[in-house]
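Asks:
There are 2 protein chains.
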Amino acid sequence: MERFNTYVEDNAERFIEELAEFCRQPSISTQNVGLEEMAELVRARLERLGAEVRLIPVADGPPVVFAETSASGSAEDIRLSSVEALTAEASVEPLGQGERTLLIYNHYDVQPPDPLEEWESPPFEPTIREGKLYARGAADNKGNLMVRIQAIEAYRAAFGELPLRIKFVVEGEEEVGSPHLAQFAQENRDLLAANGCLWESGGKDEAERFVIYLGLKGIAYLELRAKGAKSDLHSSYATIVPNPAWRLVWALSTLKDEDDRITIDGFMDHVVEPSAAEMNILEAIPFEEEKIKENFGIPEFIRGLSGVEALKKHLYEPTCTICGFRSGYIEEGSKTVLPSTATAKLDFRLVPNLTPELVEQLLRQHLDRRGFQDIEIAFGVGERSARAPLDTPIAQAAVAAAEAVYGQQPVIYPTMAGSGPMYPLSEALTIPAVLAGIGYPGANVHAPNENIRLADYFEGIRYIGELIRRFGAAE
Amino acid sequence: MERFNTYVEDNAERFIEELAEFCRQPSISTQNVGLEEMAELVRARLERLGAEVRLIPVADGPPVVFAETSASGSAEDIRLSSVEALTAEASVEPLGQGERTLLIYNHYDVQPPDPLEEWESPPFEPTIREGKLYARGAADNKGNLMVRIQAIEAYRAAFGELPLRIKFVVEGEEEVGSPHLAQFAQENRDLLAANGCLWESGGKDEAERFVIYLGLKGIAYLELRAKGAKSDLHSSYATIVPNPAWRLVWALSTLKDEDDRITIDGFMDHVVEPSAAEMNILEAIPFEEEKIKENFGIPEFIRGLSGVEALKKHLYEPTCTICGFRSGYIEEGSKTVLPSTATAKLDFRLVPNLTPELVEQLLRQHLDRRGFQDIEIAFGVGERSARAPLDTPIAQAAVAAAEAVYGQQPVIYPTMAGSGPMYPLSEALTIPAVLAGIGYPGANVHAPNENIRLADYFEGIRYIGELIRRFGAAE
Numbered sequence: 001m002e003r004f005n006t007y008v009e010d011n012a013e014r015f016i017e018e019l020a021e022f023c024r025q026p027s028i029s030t031q032n033v034g035l036e037e038m039a040e041l042v043r044a045r046l047e048r049l050g051a052e053v054r055l056i057p058v059a060d061g062p063p064v065v066f067a068e069t070s071a072s073g074s075a076e077d078i079r080l081s082s083v084e085a086l087t088a089e090a091s092v093e094p095l096g097q098g099e100r101t102l103l104i105y106n107h108y109d110v111q112p113p114d115p116l117e118e119w120e121s122p123p124f125e126p127t128i129r130e131g132k133l134y135a136r137g138a139a140d141n142k143g144n145l146m147v148r149i150q151a152i153e154a155y156r157a158a159f160g161e162l163p164l165r166i167k168f169v170v171e172g173e174e175e176v177g178s179p180h181l182a183q184f185a186q187e188n189r190d191l192l193a194a195n196g197c198l199w200e201s202g203g204k205d206e207a208e209r210f211v212i213y214l215g216l217k218g219i220a221y222l223e224l225r226a227k228g229a230k231s232d233l234h235s236s237y238a239t240i241v242p243n244p245a246w247r248l249v250w251a252l253s254t255l256k257d258e259d260d261r262i263t264i265d266g267f268m269d270h271v272v273e274p275s276a277a278e279m280n281i282l283e284a285i286p287f288e289e290e291k292i293k294e295n296f297g298i299p300e301f302i303r304g305l306s307g308v309e310a311l312k313k314h315l316y317e318p319t320c321t322i323c324g325f326r327s328g329y330i331e332e333g334s335k336t337v338l339p340s341t342a343t344a345k346l347d348f349r350l351v352p353n354l355t356p357e358l359v360e361q362l363l364r365q366h367l368d369r370r371g372f373q374d375i376e377i378a379f380g381v382g383e384r385s386a387r388a389p390l391d392t393p394i395a396q397a398a399v400a401a402a403e404a405v406y407g408q409q410p411v412i413y414p415t416m417a418g419s420g421p422m423y424p425l426s427e428a429l430t431i432p433a434v435l436a437g438i439g440y441p442g443a444n445v446h447a448p449n450e451n452i453r454l455a456d457y458f459e460g461i462r463y464i465g466e467l468i469r470r471f472g473a474a475e
Numbered sequence: 476m477e478r479f480n481t482y483v484e485d486n487a488e489r490f491i492e493e494l495a496e497f498c499r500q501p502s503i504s505t506q507n508v509g510l511e512e513m514a515e516l517v518r519a520r521l522e523r524l525g526a527e528v529r530l531i532p533v534a535d536g537p538p539v540v541f542a543e544t545s546a547s548g549s550a551e552d553i554r555l556s557s558v559e560a561l562t563a564e565a566s567v568e569p570l571g572q573g574e575r576t577l578l579i580y581n582h583y584d585v586q587p588p589d590p591l592e593e594w595e596s597p598p599f600e601p602t603i604r605e606g607k608l609y610a611r612g613a614a615d616n617k618g619n620l621m622v623r624i625q626a627i628e629a630y631r632a633a634f635g636e637l638p639l640r641i642k643f644v645v646e647g648e649e650e651v652g653s654p655h656l657a658q659f660a661q662e663n664r665d666l667l668a669a670n671g672c673l674w675e676s677g678g679k680d681e682a683e684r685f686v687i688y689l690g691l692k693g694i695a696y697l698e699l700r701a702k703g704a705k706s707d708l709h710s711s712y713a714t715i716v717p718n719p720a721w722r723l724v725w726a727l728s729t730l731k732d733e734d735d736r737i738t739i740d741g742f743m744d745h746v747v748e749p750s751a752a753e754m755n756i757l758e759a760i761p762f763e764e765e766k767i768k769e770n771f772g773i774p775e776f777i778r779g780l781s782g783v784e785a786l787k788k789h790l791y792e793p794t795c796t797i798c799g800f801r802s803g804y805i806e807e808g809s810k811t812v813l814p815s816t817a818t819a820k821l822d823f824r825l826v827p828n829l830t831p832e833l834v835e836q837l838l839r840q841h842l843d844r845r846g847f848q849d850i851e852i853a854f855g856v857g858e859r860s861a862r863a864p865l866d867t868p869i870a871q872a873a874v875a876a877a878e879a880v881y882g883q884q885p886v887i888y889p890t891m892a893g894s895g896p897m898y899p900l901s902e903a904l905t906i907p908a909v910l911a912g913i914g915y916p917g918a919n920v921h922a923p924n925e926n927i928r929l930a931d932y933f934e935g936i937r938y939i940g941e942l943i944r945r946f947g948a949a950e
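Heads up: the sequence lines are chains A and B, in that order.
Just so it is clear: in the first sequence, position 87 is 87 by the numbering used here, and no numbers are missing.
Positions in the second sequence are counted from 1; adding 475 to them yields the numbering used here.
1. Within this structure, are the beta carbons of H709(B) and T811(B) separated by less than 8 angstroms?
2. Within 8 angstroms of any Cβ in chain A, is that where the Cβ of L689(B) sits?
3. Taking Cβ positions only, does Q848(B) come closer than 8 angstroms to chain A?
4. Between which two residues does the beta strand (DSSP E) holding L445(B) run?
5. Count the other C-beta atoms from every protein chain shown that fall within 10 angstroms of the C-beta of K478(A), then say buried if there are 16 or more, exposed otherwise.
6. Strictly by DSSP, which residues pair up with L578(B)?
7. Taking CB distances under 8 angstroms as the criterion, tell me whether H270(A) reaches chain B.
8. Run through the DSSP bridge pairs and tell me what A626(B) is partnered with.
9. If we ignore side chains and look at the alpha-carbon of each, how far apart do P244(A) and I375(A) end up?
10. Applying the 10 Å Cβ sphere with the 16-neighbour rule, what's the burial state of E430(A)?
11. What does the alpha-carbon distance come out to for the pair L929(B) and I852(B)?
12. Jot down the residue ranges of each uninterrupted alpha helix (DSSP H) in the region 229-272 of chain A, minimum 4 residues, whole runs only, in chain order.
13. Using a Cβ cut-off of 9 angstroms, pull out every chain B residue sitting near S27(A), in sequence order please.
14. Taking the straight line between their C-alpha atoms, what separation do you get for Y108(A) and P448(A)?
15. Using a C-beta to C-beta distance shorter than 7 angstroms, which residues of chain B count as neighbours of L252(A)?
16. Across which residues does DSSP place V812(B) in a beta bridge pair?
17. Let me know the secondary structure DSSP gives P899(B) once reduced to three states.
18. Quick one: which chain B residues come within Cβ less than 9 angstroms of Q408(A)?
19. Where P57(A) and Q409(A) are concerned, what is the direct C-alpha to C-alpha distance, given to the nearest angstrom?
20. With a threshold of 7 angstroms on Cβ separation, who are the neighbours of V83(A) within its own chain once the five nearest residues in sequence on each side are excluded?
21. Any idea which residues DSSP pairs A378(A) with across the strands?
22. How about F267(A): is its C-beta nearer than 8 angstroms to some C-beta of chain B?
23. Return the CA-CA distance between G940(B) and P761(B), expressed in angstroms with no decimal places.
24. Report the CB separation of G914(B) from G677(B) in whole angstroms; it is logged as a contact under 8 angstroms.
25. Compute the minimum distance between the beta carbon of K204(A) and the heavy atoms of the ligand SAH, and state whether it is under 7 angstroms.
26. Between which two residues does the alpha helix (DSSP H) harbouring A759(B) extend?
27. Would you say I302(A) lies against chain B (beta-carbon separation less than 8 angstroms)?
28. Could you check where the beta strand (DSSP E) with L133(A) kicks off and where it finishes?
29. Of all the options P352(A), S253(A), I264(A) and G98(A), which has the alpha carbon lying nearest to the alpha carbon of Q361(A)?
30. Cutting at 7 angstroms between CB atoms, please list the residues of its own chain near R518(B), excluding the five before and the five after it.
31. Can you pull out the residues from the region 422-449 of chain A whose beta carbon lies closer than 9 angstroms to at least one beta carbon of chain B?
32. Can you tell me whether S894(B) is helix, strand or coil according to DSSP?
33. Select from the region 339-351 of chain A all residues with a C-beta closer than 9 angstroms to any C-beta belonging to chain B, and list them in chain order.
34. Please check if any C-beta of chain A sits within less than 8 angstroms of the C-beta of W674(B).
35. Identify the contact partners of L367(A) in chain B, using a Cβ-Cβ distance below 9 angstroms as the criterion.
36. Give the range of the beta strand (DSSP E) segment to which A433(A) is assigned.
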């Protein structure tokens, strides 16, 4: 892989500038900001790679960018921004069409950047400080997307033909729960056919060990809404006029107890305890809990949990989280107002058996039984959990590539604690998936000052190169 | 009073324009917006009345506008904007210096106008629609202030000398709990000496009956604050990282039960049930509950209360109200975030014996006993409740004036459900007070589309004229 690595080194500056260009473009799916522009940027970059690219429309959302380095991949399509960056040899080679097909999943949307005042540099002005690139989306996941594109460019520059076919699915709705991806996957089963899937996300843990994940939790995101008088009132009427903020507080307090046990009727009955074998896997995971607590600035975990017990709750249990609560006067200072509305945004991270539909049904029944028929549930998005075993070719290639690049056995998690739309693209299409990427615990994903370390970035390009080689060799 | 009434009719257009001028000036104390400008407007208008006016500084707040029509009141100070509006006779009379002194309390600050999108016309662009003037502050209480100023102008134009001395205290911090008024009152006891006090607020009830109030509840306004990780996190960490929004929900749910009974340890022990005699007064109050419910758009009161039981809770019981709750992501759409902070703004409306200091102490002890030592209490403002009996000269004059202007016995409430800084200016200085004004139940006080009815406004000027005459006659 020496020619590959030399090419990456020679093009390092341009590679970072290309990532910065991606990060400069806001693409906030929850606010419908900049998505068309970002899809065009991704399309243009994939076309410069020589791939066939299509923007596939989805119902009322931003398009899916689909690309493939297929049989018909024509070398004359290669239009690099700096033409001299590709060797003359590479520019006349075919793109490659090995026996196996790798499906690469990424997304071009990002989370909203607020609270803005906590950013040390503006979220959409990528800034390098102390070897890190700070920008919304740098880690989640424009960095991962660009690493894969540039690794393919470097592989072709170094070796000419790719040893496999590659398909890209880059959607624009991951941060709002991928509402159209399941339908997209069903409608394009043949187009998406592949032998393995490389998912977005992943990276290093607190002790700098490379981590590979074999699955994702599901999610149900919804709002609970309470209403009172037809408009906000003077708070002196609180003696006799119902307060929706109190209604919502009382309703929420029945969903989870002070020990963080979810108390929605029947909910925990669906949660399966890990088997003895699974507990062994958990115990093999190095869990740097002191570093995690220090990073987050908390004295202890919930219930004072520690070690494998904390890890078990983290990976094998669902959550019920207040992501936002708004009612009445929320600015600085005082206002003596009786609110007319109250809204809580909840997300549930789901384990197998707990589907989003089931969660909504259990929640409705639970609230109704306790007299909270007035609390409206506005269902947002839902995703099922997905997990794959460790003995698939893609997982084996991912592990071997990690050993080659990082010089040690990777840590293997049965699932991430986070969610993603893996189910429709993997389990539903019987394509086993693996998550591996360039993140690290200080990346501030979904938070102010999101960043990646540039060293991780370039290691990540080499890792993708190794993965392509090993998975393509069909060993 | 015919000359008085004729003068008011002749100057009606200018009077409304003068009120509109007051309402055009934002003066939002909780945001420190426009207070100096508003104090100057009040000073200028009182000076045009011929009063001696001083802006008295208070520690770190906006000044108190103090005015008196005292012995030294010189007629040449009168500088009306339309000079012809004052008769030649009136302009050479002294201001008046009868045996009694009336202390008039108003405030020149207003509540914030949000939510702005619910206003049908901009809050600081006074607009007349269907006989009503819409503007933030029109009812609470720039209208009441201007009614009193214009009534004095009309009285002097009609009769020359006033039959009493009048003092104005117009502060700029009422909507944030008058944090400096108690000290101001203590430091200026002699300056403020008076035989009766006319408080701001008051007006007509749901059945168009004029209402006189003899007191105000107290208030304690504070924030409860919970903290979690040092910054917002990806919500997948909610498995093990404490969520301050849940902490706050759990803590709040211990303060009041679903029947709206305040459950703070020891709190309700301080609440005195009304005596049999007081219950008789309550039963004499016509309580238009169906109209109230219709105005507010609610199907029923808390607990389904009705009649004298609802009124008793409304007037003789304290409240514990969530005025605002904020945590995490509160905009449209979804964001899967684990919040790092949660804040609830609470107000307690207080009855006698429940002082703000006692409330804070009981709340702290209650939370600590239940393991909520981590919940911070940030105390905002506090006011004690104040009540006066019905047999004082000012109350008797207020009742007689109401009979003369409104043609019927006023409804007499022992207290308002609302609060105000009456205690330091009345009970602490032994000046009995009465509340009477130009409001009505549809005034949307503290809410979008605040308004007064112009017919109430001009009746209100006549009412103040009658009150001056009767209280001044020392009958």
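A virtual CB, placed ideally from N, CA and C, is assigned to each residue, including glycine.
Only a predicted model underlies this, so the values are computations on that prediction, with no experimental measurement involved.
Replies: Once the coordinates are examined:
1. Contact flag set, yes.
2. Not closer than 8 angstroms to any Cβ of chain A, the Cβ of L689(B) fails to qualify, so no.
3. For Q848(B), no CB of chain A lies under 8 angstroms from its own CB, so it is not counted at the interface with that chain.
4. Beyond the ends of chain B as shown, which are 476 and 950, falls residue 445(B); an answer cannot be given.
5. A question about residue 478(A) goes unanswered here, because the residues of chain A that appear run from 1 up to 475.
6. Bridge partners of L578(B) according to DSSP: K642(B) and C672(B).
7. No, H270(A) lies away from the interface with chain B (no Cβ there is under 8 angstroms from its Cβ).
8. For A626(B), which the question treats as bridged, DSSP gives no partner whatsoever.
9. In a straight line, the C-alpha of P244(A) is about 9 angstroms away from that of I375(A).
10. The amino acid occupying residue 430(A) in the given sequence is Thr; Glu does not appear at that position. By the 10 Å Cβ count, T430(A) comes out exposed.
11. Each residue's alpha carbon lies about 43 angstroms from the other.
12. Listed in chain order, the complete alpha helix (DSSP H) runs (minimum 4 residues) inside the region 229-272 of chain A are 244-253.
13. Neighbours of S27(A) on chain B: none; closest Cβ ~14 angstroms, over 9 angstroms.
14. Distance between Y108(A) and P448(A), taken at the CA atoms: about 18 angstroms.
15. In chain order: V724.
16. DSSP, once it has assigned bridges, lists H709(B) as partnering V812(B).
17. Of the three classes helix, strand and coil, the one that applies to P899(B) here is helix, per DSSP.
18. Within 9 angstroms Cβ-Cβ: nothing; Q408(A) doesn't reach chain B, min ~25 angstroms.
19. Inter-residue distance for P57(A) and Q409(A) is about 41 angstroms (C-alpha atoms, whole angstroms).
20. Bear in mind that the predicted position of V83(A) carries a pLDDT of just 37, short of 50, making it too unreliable to give a figure here.
21. Under DSSP, A378(A) forms a beta bridge with E223(A).
22. No, F267(A) does not count as interfacial toward chain B.
23. Going by the C-alpha atoms only, they are around 27 angstroms apart.
24. At roughly 6 angstroms, the Cβ-Cβ gap stays under 8 angstroms, so G914(B) and G677(B) are in contact.
25. Within the structure as shown, the ligand SAH is missing, as the structure has no ligands at all.
26. First-last of the alpha helix (DSSP H) with A759(B): A751 to A759.
27. Yes, its Cβ sits closer than 8 angstroms to a Cβ of chain B.
28. Boundaries of the beta strand (DSSP E) harbouring L133(A): K132 to Y134, taken from the DSSP string.
29. The shortest C-alpha to C-alpha distance from Q361(A) to any of P352(A), S253(A), I264(A) and G98(A) is the one to I264(A).
30. Cβ within range, chain order: V528, L530 and V540.
31. If the cut-off is 9 angstroms between Cβ atoms, the region 422-449 of chain A has N444, V445, H446, A447, P448 and N449 near chain B.
32. Strand.
33. Answer in chain order: P339, S340, A342, T343, A344, K345, D347 and R349.
34. False, the Cβ-Cβ gap to chain A never drops below 8 angstroms.
35. Taking the beta carbon of L367(A) as reference, no residue of chain B falls within 9 angstroms; the closest one sits roughly 13 angstroms away.
36. Its beta strand (DSSP E) spans residues A433 to L435.
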